[in-house]
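Undergrad:
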Amino acid sequence: MIIPTTVLELVERFERNLDIYKRADYKEARVRIEFIDPFFEALGWDVRNVQGRGEHDKDVVYEDTIKIGAKTRAPDYSFRVGQTRRFFLEAKKPAISLVGDVGPAYQLRRYSWSVKLPLGILTDFEEFAVYDCRQRPQPTDKANVGRIMYLTFDQYLDQFDEIYELFAKESVQQGTLDRFAQDLKVKRGTNTVDTELLKEIENWRDVLARNIALRNKALSVHELNFCVQRTIDRIIFLRMCEDRGIEEYGQLLALTNGPHVYPRLGEYYRRADEKYNAGLFDFQADKLTKALTIEDKVLKPILTSLYYPQCPYEFSVLPVEILGQVYEQFLGKVIRLTPAHRAKVE
1 MIIPTTVLEL VERFERNLDI YKRADYKEAR VRIEFIDPFF EALGWDVRNV QGRGEHDKDV
61 VYEDTIKIGA KTRAPDYSFR VGQTRRFFLE AKKPAISLVG DVGPAYQLRR YSWSVKLPLG
121 ILTDFEEFAV YDCRQRPQPT DKANVGRIMY LTFDQYLDQF DEIYELFAKE SVQQGTLDRF
181 AQDLKVKRGT NTVDTELLKE IENWRDVLAR NIALRNKALS VHELNFCVQR TIDRIIFLRM
241 CEDRGIEEYG QLLALTNGPH VYPRLGEYYR RADEKYNAGL FDFQADKLTK ALTIEDKVLK
301 PILTSLYYPQ CPYEFSVLPV EILGQVYEQF LGKVIRLTPA HRAKVE
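To convert, note that position 110 of the sequence shown is 110 in our numbering; the numbers rise steadily by one, no gaps.
In structure tokens:
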């Protein structure tokens with residue numbers, strides 16, 4: 001196909017001024033405005049919303065910045081057809097080497113995997129990397145894990161047909177991107193986010209049930225099931241509130257710094273009850289969980305696993321539907337007590 005004039009000019013300008021763009025003071029915001037935005041506009045996307053569409057109907061949505069750990073942020077671009085996300089793009093400044101830097105790749109894969117988007121793009125315009133995001137990301141993964149395409153800017157003209165076929169708006173609308181993703185060989189052992197989250201929560205349920213049964217001998221089977229489920233519900237709810245900016249980020253993690261985690265978690269619950277006035281934290285109706293004993297050795301790993309870099313889930317973009325699917329499967333198992341008041345999950 002004929003390469004758009006805009007793309008020809010972008011490549012020529014980037015090559016001519018490469019030394020300037022590689023400087024540390026050339027910020028990400030500038031590469032986005034000067035190169036990435038016009039590049040994807042040449043692919044047919046209304047990146048700047050020139051058509052003046054409402055928020056829900058935009059081609060491209062700039063995600064709100066969310067602090068994850070010390071450095072990680074929400075995806076910079078969400079490309080959509082209708083109101084459906086099709087792929088994320090994470091942008092960096094050219095001073096960062098994307099070919100070997102593990103952080104940006106893990107970040108993109110974590111967001112995309114959390115919302116079940118099969119492919120994602122990582123670019124600083126100098127480099128253009130496409131990732132298969134269906135394999136669960138691990139903090140120890142090298143930057144090439146899941147990477148299925150890697151180009152540098154001087155290859156854009158020769159490879160433009162391939163870029164257009166995958167990521168042009170009309171191509172995405174016609175299903176080319178979906179077919180490409182389906183044809184990719186997904187590595188053996190790959191699990192979707194709901195499957196992985198279910199496994200994670202099942203593990204929490206098991207260790208919580210065993211410890212609560214051991215340290216709270218007066219509980220009946222029904223009461224034990226209630227206490228375990230309510231504890232998990234509260235923790236997940238508060239963690240989602242943190243990533244959505246409703247609660248201050250890191251409050252659950254901060255509880256792991258010191259002893260007596262559960263009593264301090266109870267104080268967080270009480271503040272949440274005052275703030276949300278929701279039945280989830282109503283200790284007038286729930287007399288059981290307030291008096292529980294749960295050991296630090298059980299709670300600390302659970303709370304730590306909810307945060308970067310251990311956690312591969314991005315709670316700010318995790319669809320509520322996925323959590324619903326997880327809990328539907330989760331309800332298929334029950335906790336029972338042995339005569340010795342030991343818990344078993346079946």
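No residue lacks a Cβ here, since even glycine has one placed at the ideal position from N, Cα and C.
Pull up the distance between the alpha-carbon of Ala42 and that of Tyr307, whole angstroms please.
TA: Roughly 38 Å separates the two Cα atoms.
Undergrad: Given a cut-off of 9 Å, decide if Leu151 and Phe128 are closer than it, judged by their beta-carbon atoms.
TA: Yes.
Undergrad: Any chance the segment 213-232 sits against the segment 292-301, with 3 or more Cβ pairs inside 8 Å?
TA: Flag = yes, the segment 213-232 and the segment 292-301 touch.
Undergrad: Given 8 Å as the limit, is there contact between the segment 29-48 and the segment 88-108, that is, 3 or more CB pairs closer than that?
TA: At 8 Å Cβ cutoff, the stretches touch.
Undergrad: Compare the beta carbon distance of Lys300 and Thr231 with 9 Å and say whether it is the shorter of the two.
TA: Not closer than 9 Å, so no.
Undergrad: Suppose contacts are defined by Cβ-Cβ distances below 9 Å. Is Phe39 in contact with Phe79 by that definition?
TA: In this structure, Phe79 does not lie closer than 9 Å to Phe39 by Cβ.
Undergrad: What residues in its chain sit with their C-beta under 7 Å from that of Arg205, if we drop five residues either side in the sequence?
TA: If we look at Arg205 and ignore the five residues flanking it on each side, its Cβ neighbours are Val228, Ile232 and Val345.
Undergrad: Roughly how many angstroms lie between the CA atoms of Arg23 and Gly82, to the nearest whole one?
TA: Their backbone Cα atoms lie some 38 Å apart in a straight line.
Undergrad: By Cβ distance, which residues of its chain are closer than 8 Å to Asn17, with the 5 residues on each side in sequence left out?
TA: Answer for Asn17: no residue qualifies.
Undergrad: From Tyr106, Gln155, Glu267 and Tyr111, pick the residue whose C-alpha is nearest to that of Leu238; which is it?
TA: Closest by alpha carbon: Glu267.
Undergrad: May I ask you to report which of helix, strand or coil DSSP gives Arg188?
TA: Confidence is the limiting factor: at Arg188 the pLDDT is only 39, short of 50, which leaves the residue's position unreliable and the question unanswerable from this model.
Undergrad: Could you give the C-beta distance for Val298 and Val207, rounded to a whole number, given that I count them as a contact under 8 Å?
TA: About 5 Å separates the two Cβ atoms, so the contact holds.
Undergrad: Quick one: Cα of Ala272 to Cα of Leu288, how far?
TA: Straight-line Cα distance between these residues: approximately 18 Å.
Undergrad: Of the residues Asp158, Phe315 and Arg134, which one's Cα is nearest the Cα of Asp183?
TA: Looking at the Cα atoms, Arg134 is the closest of the given residues.
Undergrad: Helix or strand or just coil, what does DSSP make of Phe160?
TA: Here Phe160 sits in helix by DSSP.
Undergrad: According to DSSP, is Phe35 helix, strand or coil?
TA: Correct three-state label for Phe35: helix.
Undergrad: Buried or exposed: which applies to Leu117, given that a residue is buried once 16 or more other Cβ atoms fall within 10 Å of its Cβ?
TA: Answer is buried; the Cβ neighbour count reaches 16.
Undergrad: So, helix, strand or coil for Thr72, using DSSP?
TA: The predicted position of Thr72 is uncertain, since its pLDDT is 46 and thus under 50; no value can be drawn from it.
Undergrad: Could you pull out every residue in the same chain whose Cβ sits closer than 6 Å to the Cβ of Ile236, ignoring the five residues on either side in sequence?
TA: Here the set comprises nothing.
Undergrad: For Thr140, name the three-state secondary structure that DSSP assigns.
TA: Of the three classes helix, strand and coil, the one that applies to Thr140 here is coil, per DSSP.
Undergrad: Looking only at its chain, what residues have a beta carbon closer than 6 Å to the beta carbon of Lys169, apart from the 5 residues adjacent to it on each side?
TA: These residues qualify, in order along the chain: Gly44 and Trp45.
Undergrad: Taking Tyr313 and Leu197 to be in contact with their CB atoms under 8 Å, please state how far apart those CB atoms are, rounded to whole angstroms.
TA: Correct: roughly 7 Å between the Cβ atoms.
Undergrad: Applying the criterion that 16 or more other CB atoms from any shown protein chain within 10 Å of the CB defines a buried residue, is Glu274 buried or exposed?
TA: By the 10 Å Cβ count, Glu274 comes out exposed.
Undergrad: Can you say whether Ala285 is buried or exposed, counting buried as having 16 or more other CB atoms within 10 angstroms of its CB?
TA: Label assigned to Ala285: exposed.
Undergrad: In its own chain, which residues sit with a C-beta less than 8 Å from the C-beta of Pro4, not counting the 5 before and 5 after it?
TA: Here the set comprises Ala42.
Undergrad: Let me confirm a value: Val99 is counted as buried when at least 16 other C-beta atoms fall within 10 Å, else exposed. Which label applies?
TA: Classification for Val99: exposed.
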